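Student: Numbering (the numbering used here), first residue to last: 127 to 547. Here you go, one structure.
Have a look at this one:
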């Protein structure tokens with residue numbers, strides 16, 4: 127268990143993280159500020175291998191193994207605040223995914239997704255009865271942090287002309303749908319007496335972000351309506367209409383396929399939302415026929431969002447109902463008092479199982495670290511051999527060069543002697 131304590135204490139400083147990321151990005155050919163680029167091949171000879179594409183991949187794989195522990199990183203994805211692997215989830219795997227989001231659009235989408243993941247953690251903790259006021263406040267702050275980071279990045283990319291208006295609005299619309307879906311679920315959780323105070327910070331942060339997102343959308347839609355007679359908007363409206371209709375068809379099938387998995391009331395709510403989406407298409411068609419293309423774009427876009435909301439809603443309530451069923455079933459089982467032998471046996475077995483699980487993870491970590499070290503030693507050995515060979519070749523070239531110079535001097539001397547004679 128000592129290894130776990132050491133792993134939990136092991137953290138990179140912000141400067142070390144930046145330098146590590148800079149090195150990887152530089153070697154994978156991403157665009158960076160050349161003034162910030164630092165080449166370390168002079169100081170650390172075996173890193174020469176990273177300049178070769180094949181060896182670079184090997185090096186990155188080893189770095190990933192050392193940093194994330196292979197399967198441990200995958201297991202960390204399901205962890206929650208307070209779990210052993212949660213720091214690996216938030217400080218390692220999420221940071222790696224952030225670095226691997228190459229396109230501008232992908233970077234913004236991932237920041238939005240990170241914000242949404244914090245809301246999912248609130249929902250999961252609440253369903254398990256593990257949500258505390260401090261954890262709720264921490265996750266609310268993280269949600270706000272990632273939301274603002276995504277907004278700032280989006281604005282910066284738009285200002286630099288690296289995102290089209292269409293791409294930007296699509297990203298905002300997707301996030302708005304996610305926020306609304308979580309708002310409905312979190313509001314239901316907040317209505318529970320025991321969670322009311324704990325949910326305060328999260329719900330307030332969610333409402334603030336939703337208001338900001340919706341405000342931006344309304345401003346954009348107003349600009350579209352003012353330009354409602356342009357030919358370009360006519361084409362945009364056609365595309366939005368097709369997208370909305372395709373989404374409606376997709377969600378309608380999804381609801382029908384999953385109708386038996388949720389309550390009648392929740393299915394009815396999802397169908398109601400989808401009905402609103404269909405009506406908005408009709409309204410959009412009317413505006414389009416009247417030549418109000420900007421208004422048509424707004425209606426079709428809202429229809430697309432409503433259809434997405436219907437799908438998100440039925441997915442979220444299905445998960446919530448499933449958790450409620452588990453809670454109800456467990457409440458009807460035999461309740462043991464802390465003093466009974468049966469209860470103590472249950473506790474002992476649970477501790478034993480958890481200990482065995484941690485032992486297996488620890489052993490796996492040790493094996494992965496051992497394998498990584500062996501691979502690293504092999505690479506260093508190959509690098510040293512390559513360097514020795516290059517040094518030997520350089521020495522041979524230098525010797526041949528000296529021999530040629532000596533031959534030239536002898537020849538010059540002979541010619542000089544002949545001239546004197």
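All C-beta atoms, glycine included, are put in the ideal place defined by N, C-alpha and C. Since this is a predicted model, take the numbers as computed values, not measurements.
With distances taken between CB atoms, is the gap from residue 279 to residue 233 smaller than 8 Å?
Tutor: Within the chain shown, numbered from 1, the residue matching residue 279 stands at position 153. Within the chain shown, numbered from 1, the residue matching residue 233 stands at position 107. Yes, the Cβ-Cβ distance between residue 279 and residue 233 is below 8 Å.
Student: Below 8 Å between beta carbons: does that hold for residue 407 and residue 371?
Tutor: For the purposes of this step, residue 407 is taken as the residue at position 281 of the chain shown. For the purposes of this step, residue 371 is taken as the residue at position 245 of the chain shown. Their beta carbons are under 8 Å apart, which means residue 407 touches residue 371 by this criterion.
Student: Only counting the same chain, and skipping five residues up and downstream in sequence, which positions put a Cβ closer than 7 Å to that of residue 203?
Tutor: Along the chain shown, one-based indexing puts residue 203 at 77. Cβ neighbours of residue 203 beyond the five flanking positions: 215 and 219.
Student: Under three-state DSSP, which class holds residue 391?
Tutor: Here residue 391 corresponds to residue number 265 of the chain shown, with the count starting at 1. In the structure shown, residue 391 sits in a helix (DSSP, three-state: H, G or I).
Student: Name the residue from 440, 241, 546 and 433 whose alpha carbon lies nearest to the alpha carbon of residue 270.
Tutor: By 1-based counting over the chain shown, the position of residue 270 is 144. Closest option to residue 270, Cα to Cα, is 241.
Student: Got a sec, what are the start and stop residues for the alpha helix (DSSP H) residue 266 sits in?
Tutor: Stepping through the chain shown from its first residue, residue 266 is reached at position 140. It spans 259–285 - the alpha helix (DSSP H) in which residue 266 sits, taken as one unbroken run.
Student: Using the beta-carbon count (16 or more within 10 Å), is residue 425 buried or exposed?
Tutor: Counting from 1 along the chain shown, the entry for residue 425 is found at position 299. That one is buried.
Student: Cα separation between residue 281 and residue 523?
Tutor: For this step, residue 281 is matched to residue 155 along the chain shown. For this step, residue 523 is matched to residue 397 along the chain shown. C-alpha separation (whole angstroms): 57 Å.
Student: Hey, residue 206 and residue 247: beta-carbon distance below 8 Å or not?
Tutor: If you number the chain shown from 1, residue 206 lands on position 80. If you number the chain shown from 1, residue 247 lands on position 121. Contact: yes.
Student: So, using beta-carbon positions, are residue 373 and residue 385 closer together than 8 Å?
Tutor: Residue mapping note: residue 373 aligns to position 247 of the chain shown, counting from 1. Residue mapping note: residue 385 aligns to position 259 of the chain shown, counting from 1. Contact: no.
Student: Could you spell out the range, first to last residue, of the alpha helix (DSSP H) harbouring residue 204?
Tutor: Start at 1 with the first residue of the chain shown, and residue 204 comes out as number 78. No alpha helix (DSSP H) holds residue 204; DSSP gives it neither H nor E.
Student: Taking the C-alpha atoms as reference points, what is the distance between residue 430 and residue 227?
Tutor: Numbered from 1 along the chain shown, position 304 holds the residue referred to as residue 430. Numbered from 1 along the chain shown, position 101 holds the residue referred to as residue 227. If you take the alpha carbons of residue 430 and residue 227, they lie about 26 Å apart.
Student: Within a Cβ cutoff of 6 Å, which residues of the same chain sit near residue 436, ignoring the five residues on either side of it in sequence?
Tutor: Reading the chain shown from its first residue, position 310 is the one you call residue 436. Answer for residue 436: 377, 396, 399 and 400, listed in chain order.
Student: Quick check: what's the CA-CA separation for residue 288 versus residue 423?
Tutor: To locate residue 288, count along the chain shown from 1; it is residue 162. To locate residue 423, count along the chain shown from 1; it is residue 297. Cα-Cα distance, rounded: 23 Å.
Student: Have a look at 359, 440 and 413 and flag the residue whose alpha-carbon is nearest the alpha-carbon of residue 379.
Tutor: The residue labelled residue 379 in the question sits at position 253 within the chain shown. Ranking the options by Cα distance to residue 379, first place goes to 440.
Student: Could you tell me the distance, in whole angstroms, from the CA atom of residue 511 to the CA atom of residue 526?
Tutor: As a position in the chain shown, residue 511 is number 385, starting the count at 1. As a position in the chain shown, residue 526 is number 400, starting the count at 1. Going from the Cα of residue 511 to the Cα of residue 526 covers about 22 Å.
Student: Taking the alpha helix (DSSP H) that residue 238 falls in, what are its first and last residues?
Tutor: Within the chain shown, numbered from 1, the residue matching residue 238 stands at position 112. 230–253 is the extent of the alpha helix (DSSP H) around residue 238.
Student: DSSP three-state call for residue 227: helix, strand or coil?
Tutor: Mapped onto the chain shown, residue 227 falls at position 101. Here residue 227 sits in coil by DSSP.
Student: Since residue 275 and residue 249 are thought to touch, with beta carbons under 8 Å apart, how far apart are those beta carbons, to the nearest angstrom?
Tutor: Locating residue 275 in the chain shown gives position 149, where the first residue counts as 1. Locating residue 249 in the chain shown gives position 123, where the first residue counts as 1. Incorrect: roughly 22 Å between the Cβ atoms, too far for contact.
Student: Using only CA atoms, which one of 230, 390 and 254 lies nearest to residue 208?
Tutor: Working through the chain shown from its first residue, we reach residue 208 at position 82. It is 254 whose Cα lies nearest to the Cα of residue 208.
Student: Given a threshold of 16 other Cβ atoms within 10 Å of its Cβ, counted over all protein chains shown, does residue 223 qualify as buried or as exposed?
Tutor: Start at 1 with the first residue of the chain shown, and residue 223 comes out as number 97. By the neighbour-count rule (16 or more Cβ atoms within 10 Å), residue 223 is not buried but exposed.
Student: Taking just the CA atoms, how far does residue 244 sit from residue 264?
Tutor: As a position in the chain shown, residue 264 is number 138, starting the count at 1. As a position in the chain shown, residue 244 is number 118, starting the count at 1. If you take the alpha carbons of residue 264 and residue 244, they lie about 9 Å apart.
Student: Buried or exposed for residue 417, going by 16 or more other Cβ atoms inside 10 Å?
Tutor: Mapped onto the chain shown, residue 417 falls at position 291. The residue is exposed, with fewer than 16 neighbouring Cβ atoms inside 10 Å.
Student: I need the DSSP call for residue 540, collapsed to helix, strand or coil.
Tutor: Residue 540 sits at position 414 when you count from the first residue of the chain shown. Residue state, collapsed to three classes: helix.
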